[in-house]
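A.B. asks: In UniProt numbering, the protein residues as written are 1 to 189.
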Amino acid sequence: MKTEPQPLEAGETSKRLTSTQGVTRGLSIVDLILRIIAAIGTLGSAVAMGTTNETLPFFTQFVQFSAQYNDLPTFTFFVIANSIVCGYLVVISLPLSIFHIIRSAAINSRIILVIFDTVMLALLTAGASAATAIVYLAHNGNASANWVAICQQFNSFCERTSGSLIGSFGGILIFMLLIVTSAVAISRC
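#1: For a quick check, are the C-beta atoms of residue 92 and residue 116 less than 8 Å apart?
#2: Is it buried or exposed, residue 88, if we count other Cβ atoms within 10 angstroms and call 16 or more buried?
#3: At what residue ranges does the segment 102-183 contain a whole run of the alpha helix (DSSP H), taking only runs of 4 or more?
#4: Where does residue 35 land, buried or exposed, given buried means 16+ other C-beta within 10 angstroms?
#5: If you check the beta carbons only, do residue 45 and residue 156 fall under 8 Å apart?
#6: Would you call the CB atoms of residue 163 and residue 81 closer than 8 Å?
#7: Spell out a yes or no on whether the segment 136-146 and the segment 90-109 are touching, meaning 3 or more CB-CB pairs, one atom from each, closer than 8 Å.
#8: Leaving out the 5 sequence neighbours to the left and right, which residues in its chain are closer than 8 Å to residue 76 when beta-carbon positions are compared?
#9: Taking residue 110 as the reference, give the member of 187, 22, 23 with the closest Cα.
#10: Work out the CA separation of residue 146 and residue 30 for me, nearest whole Å.
#11: Quick one: what does DSSP say residue 186 is sitting in, helix, strand or coil?
#12: Roughly how many whole angstroms lie between the Cα atoms of residue 158 and residue 148?
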């Protein structure tokens with residue numbers, strides 16, 4: 001014997017709507033906080049890598065060895081990728097995130113954010129992965145290719161490049177969380 005669901009009273013319907021809107025608004029606030037943290041991390045990574053240089057004197061002061069981030073195109077790509085992602089977060093993503101706190105039922109703009117977040121995740125992952133390969137070579141070298149490790153001579157350079165990767169990989173993790181959070185918020189609308 002099947003029983004029909006009982007119709008909801010007016011008060012119960014509004015309580016469920018209010019509860020759903022509250023959860024969606026909470027997700028929007030978490031989304032905004034994560035975007036601010038990601039913007040700070042990617043900006044810090046771009047600045048740390050972009051200001052990395054070290055000069056070592058060689059026998060005389062007229063002959064010197066220097067290492068700068070722009071000596072390696074991979075590090076230049078890393079700085080550009082982090083700058084683009086940070087610009088996206090500040091210019092497009094944060095205003096839309098604030099809009100989602102105000103209008104928690106907006107679905108189309110959330111879908112657009114998921115698409116752009118996925119593209120930015122791919123760009124950030126490409127830049128961080130390429131830079132990680134170069135930092136690995138700088139620390140360990142490659143005996144098969146006769147590449148020597150330069151980090152024994154350029155300690156400060158290697159420390160800054162390694163440290164700049166932390167903010168970028170943190171941004172990658174945050175973008176993964178943002179995509180999941182946005183998907184959950186879309187499903188609740």
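The C-beta atom is built at its ideal place from N, Cα and C for all residues, glycine as well.
C.D. replies: According to the data block:
#1: yes
#2: buried
#3: 108-140
#4: buried
#5: no
#6: no
#7: no
#8: 69, 70
#9: 187
#10: 49 Å
#11: helix
#12: 14 Å
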